[in-house]
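**Student:** Have a look at this one before I ask anything.
Residue numbers (this note's numbering), protein chains in the order written: chain Z, 21 to 306; chain U, 421 to 675.
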């Protein structure tokens, strides 16, 4: 085989592989566009202000989804508020305060195992522990604590990765300036890792917003507008699930699904806007 | 040898072990105040280790053990009562590559006093201004202190790193191959800067670039295998080396 045939063959191989890779990239986007488009088209007819701002009547066959929107927002934010300090704290401990050893391996194995547990198991645990054992009942608080344990591994892992990408020389300089370990963490490491950490929290929120199995056991399925975090709620995905599952109203189920998807989109976009603004303000300050 | 200049730092039979390996072997020498001293030698001779022993950066490495003394104004910095924050405020350090934190120009310099607990904007402003003036960066950046430090050229980022190192108002500034990432023009600016800074600071620079040592330093120390082979005024060491190993090194036959 001479040089010419080799290059000829590899060129052909290249062309075929390129075509296949293009196809897979196209399919990946096409599936997303199809699902989003289908839900939007099906859900669009019922979407209006009345649907968003009124309470459901007749089990959700009529009326809107206001209590579910409020419940989902509060539940998700509360779970993120619980998981963030725990998760970021664990990540700081693993990266800045321990050397790689048995102890850190055990913690990492633990958080990764936690990530692999199906969400319905979290639901069952939350039901038995928070709802019954701690007597919190079906409530936003029970749901938020359950969701927080579920998204904790995501927060830990993404924060850990973000912190590890901060160059070691940043820490050296901070130490050379006389900084303690904690000062180095707060003044150099965390600001540098912030975009990555925030992205991780957004990912976690995205997972929490759409979670069904873990909250149906813990937050309940009440259709009333919650007055405090001790009240039960029916989150958007649970509402959607019940409407569709029990054949109450397929139209409203699609409408709810469309709202859920728009909400996820808004969470992502606004979070990125916040990151940019924080970064810009930090640079403006003098 | 220092021609009237006082000794600022003095090493007395200083040894550093990395595990069982003896990196520095009973090193005794002094560094002159208000002068630039260059430490040269082939890779692995211990020059960077020696530099990092002076502000105890080697403490961060597991398995490092030292014996002997390093005295700063007569006080052994390895005494148990020495506060590392105090020590590192008195001895600044500039690293190989310019490092700008992902912050504004102002905040990069202010990071130093902030570590020492100076937090009020009112107190920070004059410190930042003085430090940037000392490195000659002030005219260029005074109207854009809020911009990202990464927008500066590499040479200016190294000046910024120097400004940050002197913002703790140290007596001594250590330079660990500060020009290895810079082009020749930026290198010359940093060399001139070290000379002018030596009016107020004791400067010690580790370099693998002999021309740099010859151009920018008042005294030069040549190290080999953890020992000081020769240490004299720079002109003397380069024009009239006493030791054949020094001669071989500076003529390029060694290392």
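Note that beta-carbon positions come from the ideal geometry of N, C-alpha and C, so glycine has one too.
Model, not experiment: these values are computed from the prediction.
1. Fully enclosed by the region 110 to 145 of chain Z, which alpha helix (DSSP H) runs are 4 residues long or longer?
2. For residue 4 (chain Z), is the classification buried or exposed, using 16 other Cβ atoms within 10 angstroms of its Cβ as the cut-off for buried?
3. To the nearest angstrom, report how far apart residue 159 (chain Z) and residue 517 (chain U) are at their CA atoms.
4. How long is the line joining the alpha carbons of residue 21 (chain Z) and residue 36 (chain Z), rounded to whole angstroms?
5. Going by beta-carbon coordinates alone, are residue 425 (chain U) and residue 449 (chain U) separated by less than 8 Å?
6. Determine the closest residue to residue 458 (chain U) out of U:645, U:509, U:630, with distance taken between C-alpha atoms.
7. Can the beta-carbon of residue 165 (chain Z) be found closer than 8 Å to that of residue 150 (chain Z)?
8. Indicate the three-state DSSP secondary structure (helix, strand or coil) for residue 621 (chain U) in the structure shown.
9. Which value, in whole angstroms, describes the spacing of the CA atoms of residue 564 (chain U) and residue 639 (chain U)?
10. Taking C-beta to C-beta, are residue 96 (chain Z) and residue 228 (chain Z) nearer than 8 Å?
11. Closest to residue 240 (chain Z) by CA distance: which of Z:55, Z:118, Z:225, Z:257 is it?
12. Considering only the alpha carbon of each residue, which of U:502, U:550, U:495, U:466 lies closest to residue 442 (chain U)?
13. Could you tell me the boundaries of the alpha helix (DSSP H) in which residue 446 (chain U) lies?
14. Residue 175 (chain Z) lies in the alpha helix (DSSP H); which residues open and close that run?
15. For the beta strand (DSSP E) holding residue 433 (chain U), just list the boundary residues, first then last.
16. Based on the DSSP output, what are the partners of residue 512 (chain U) in its beta bridges?
17. Anyone know if the C-beta pair for residue 475 (chain U) and residue 513 (chain U) falls short of 8 Å?
18. Excluding the five sequence neighbours on either side, which residues of its own chain have a C-beta within less than 7 Å of the C-beta of residue 264 (chain Z), listed in chain order?
19. Could you pull out every residue in the same chain whose Cβ sits closer than 8 Å to the Cβ of residue 56 (chain Z), ignoring the five residues on either side in sequence?
20. How would you label residue 141 (chain Z), buried or exposed, when you count the other beta carbons within 10 angstroms and need 16 or more for buried?
21. Is there at least one Cβ from chain Z nearer than 8 Å to residue 451 (chain U)'s Cβ?
22. For residue 647 (chain U), report the span of its alpha helix (DSSP H) as first-last.
23. Do the region 520 to 538 of chain U and the region 484 to 494 of chain U make contact, defined as three or more Cβ pairs closer than 8 Å?
24. Taking Cβ-Cβ distances below 8 Å as the criterion, which residues of the region 494 to 509 of chain U are in contact with chain Z?
25. Whole angstroms are fine: how far does the CA of residue 562 (chain U) sit from the CA of residue 287 (chain Z)?
26. Using the three-state DSSP reduction, which class does residue 211 (chain Z) fall into: helix, strand or coil?
27. Measuring only the C-alpha atoms, how far is residue 503 (chain U) from residue 200 (chain Z)?
28. Look at residue 485 (chain U) and residue 531 (chain U) and say whether their C-beta atoms are less than 8 Å apart.
29. Specify the secondary structure class of residue 524 (chain U) as computed by DSSP and reduced to three states.
30. What residues match up with residue 644 (chain U) in a beta bridge as DSSP calls it?
31. So, is residue 247 (chain Z) buried or exposed, given that buried needs 16 or more other C-beta atoms within 10 angstroms?
32. Out of curiosity, what's the CA-to-CA distance linking residue 305 (chain Z) and residue 566 (chain U)?
33. Kindly indicate if chain U contains any beta-carbon less than 8 Å away from that of residue 306 (chain Z).
34. Select from the region 564 to 597 of chain U all residues with a C-beta closer than 9 Å to any C-beta belonging to chain Z, and list them in chain order.
35. Express the C-alpha separation of residue 592 (chain U) and residue 603 (chain U) in angstroms, rounding to a whole number.
36. Tell me whether the region 660 to 667 of chain U and the region 617 to 636 of chain U touch, counting them as touching only if at least three CB pairs, one residue from each stretch, are closer than 8 Å.
**Tutor:** So, from the data block:
1. 122 to 136
2. The question about residue 4 (chain Z) has no answer, for chain Z in this structure spans 21 to 306.
3. What you label residue 159 (chain Z) is simply residue 139 of the first chain in a count that begins at 1. What you label residue 517 (chain U) is simply residue 97 of the second chain in a count that begins at 1. Rounded to the nearest whole angstrom, the CA to CA distance from residue 159 (chain Z) to residue 517 (chain U) is 55 Å.
4. Within the first chain, the letter at position 1 stands for residue 21 (chain Z). Within the first chain, the letter at position 16 stands for residue 36 (chain Z). Confidence at residue 21 (chain Z) is low in this model, with a pLDDT of 48, below 50, so the placement of that residue is unreliable and no value is reported for it.
5. Counting from one through the second chain, the residue named residue 425 (chain U) turns up at place 5. Counting from one through the second chain, the residue named residue 449 (chain U) turns up at place 29. No, the pair does not count as a contact, with Cβ atoms beyond the cut-off.
6. Within the second chain, the letter at position 38 stands for residue 458 (chain U). Out of U:645, U:509, U:630, U:630 has the C-alpha closest to the C-alpha of residue 458 (chain U).
7. Looking up residue 165 (chain Z) in the first chain gives position 145. Looking up residue 150 (chain Z) in the first chain gives position 130. It is a contact, given that the beta carbons lie within the stated cut-off.
8. Translated into positions along the second chain, residue 621 (chain U) becomes position 201. Three-state result, residue 621 (chain U): coil.
9. Residue mapping note: residue 564 (chain U) aligns to position 144 of the second chain, counting from 1. Residue mapping note: residue 639 (chain U) aligns to position 219 of the second chain, counting from 1. Whole-angstrom Cα-Cα distance: 38 Å.
10. Residue numbering aside, residue 96 (chain Z) sits at position 76 when the first chain is read from its first letter. Residue numbering aside, residue 228 (chain Z) sits at position 208 when the first chain is read from its first letter. Their beta carbons are under 8 Å apart, which means residue 96 (chain Z) touches residue 228 (chain Z) by this criterion.
11. Here residue 240 (chain Z) corresponds to residue number 220 of the first chain, with the count starting at 1. Comparing Cα positions, the closest option is Z:257.
12. For the purposes of this step, residue 442 (chain U) is identified with residue 22 of the second chain, where counting begins at 1. Considering only alpha carbons, the answer is U:466.
13. As a working note, residue 446 (chain U) is residue 26 in the second chain. Taken as a continuous stretch (DSSP letters only), residue 446 (chain U) belongs to no alpha helix (DSSP H), being part of the beta strand (DSSP E) at 441 to 452.
14. Your numbering for residue 175 (chain Z) matches position 155 in the first chain. 160 to 184 is the span of the alpha helix (DSSP H), which, as asked, contains residue 175 (chain Z).
15. Along the second chain, read from residue 1 onward, the residue named residue 433 (chain U) stands at position 13. Membership of residue 433 (chain U) in the beta strand (DSSP E) is indicated by the continuous run 427 to 438.
16. One-based indexing of the second chain puts residue 512 (chain U) at position 92. According to DSSP, which records beta bridges pairwise, residue 512 (chain U) is partnered with U:593.
17. The count along the second chain starts at 1 and reaches residue 475 (chain U) at position 55. The count along the second chain starts at 1 and reaches residue 513 (chain U) at position 93. Yes, they are a contact pair.
18. Here residue 264 (chain Z) corresponds to residue number 244 of the first chain, with the count starting at 1. So the qualifying residues of the chain are 270, 273.
19. Taking the first chain and counting its residues from 1, one reaches residue 56 (chain Z) at position 36. Answer for residue 56 (chain Z): 281, listed in chain order.
20. Taking the first residue of the first chain as 1, we reach residue 141 (chain Z) at position 121. Exposed.
21. Position 31 of the second chain, counted from the start, is the residue given in the question as residue 451 (chain U). Residue 451 (chain U) does not count as touching chain Z.
22. Stepping through the second chain from its first residue, residue 647 (chain U) is reached at position 227. That residue, residue 647 (chain U), is in no alpha helix (DSSP H); its beta strand (DSSP E) goes 647 to 653.
23. no
24. 504, 505, 506, 507, 508, 509
25. Sequence index remark: in the first chain, residue 287 (chain Z) carries index 267 (1-based). Sequence index remark: in the second chain, residue 562 (chain U) carries index 142 (1-based). For residue 287 (chain Z) and residue 562 (chain U), the distance between alpha carbons rounds to 39 Å.
26. Numbered from its first residue, the first chain carries residue 211 (chain Z) at position 191. In this structure, residue 211 (chain Z) counts as helix in the three-state DSSP scheme.
27. Start at 1 with the first residue of the second chain, and residue 503 (chain U) comes out as number 83. Start at 1 with the first residue of the first chain, and residue 200 (chain Z) comes out as number 180. Their Cα atoms are separated by approximately 11 Å.
28. In the second chain, the residue the question calls residue 485 (chain U) occupies position 65. In the second chain, the residue the question calls residue 531 (chain U) occupies position 111. Their beta carbons are not under 8 Å apart, which means residue 485 (chain U) does not touch residue 531 (chain U) by this criterion.
29. By 1-based counting over the second chain, the position of residue 524 (chain U) is 104. Here residue 524 (chain U) sits in strand by DSSP.
30. Your numbering for residue 644 (chain U) matches position 224 in the second chain. Beta-bridge pairing links residue 644 (chain U) to U:647.
31. Here residue 247 (chain Z) corresponds to residue number 227 of the first chain, with the count starting at 1. Classification of residue 247 (chain Z): exposed, given that the 10 Å Cβ count is below 16.
32. Here residue 305 (chain Z) refers to the residue found at position 285 when the first chain is read from its first residue. Here residue 566 (chain U) refers to the residue found at position 146 when the second chain is read from its first residue. At residue 305 (chain Z), the pLDDT of 44 sits below 50, so the modelled position is not reliable; the number obtained from the coordinates is stated separately. Rounded to whole angstroms, residue 305 (chain Z) to residue 566 (chain U) spans 6 Å at the Cα level.
33. Your numbering for residue 306 (chain Z) matches position 286 in the first chain. Unreliable placement is indicated for residue 306 (chain Z), whose pLDDT of 36 sits below 50; the coordinate value is still reported in the next sentence. Output row for residue 306 (chain Z): interface = yes.
34. 565, 566, 567, 568, 581, 584, 585, 587, 588, 594
35. The residue you call residue 603 (chain U) lines up with position 183 of the second chain. The residue you call residue 592 (chain U) lines up with position 172 of the second chain. Computed Cα separation, rounded: 26 Å.
36. Verdict: no, contact absent.
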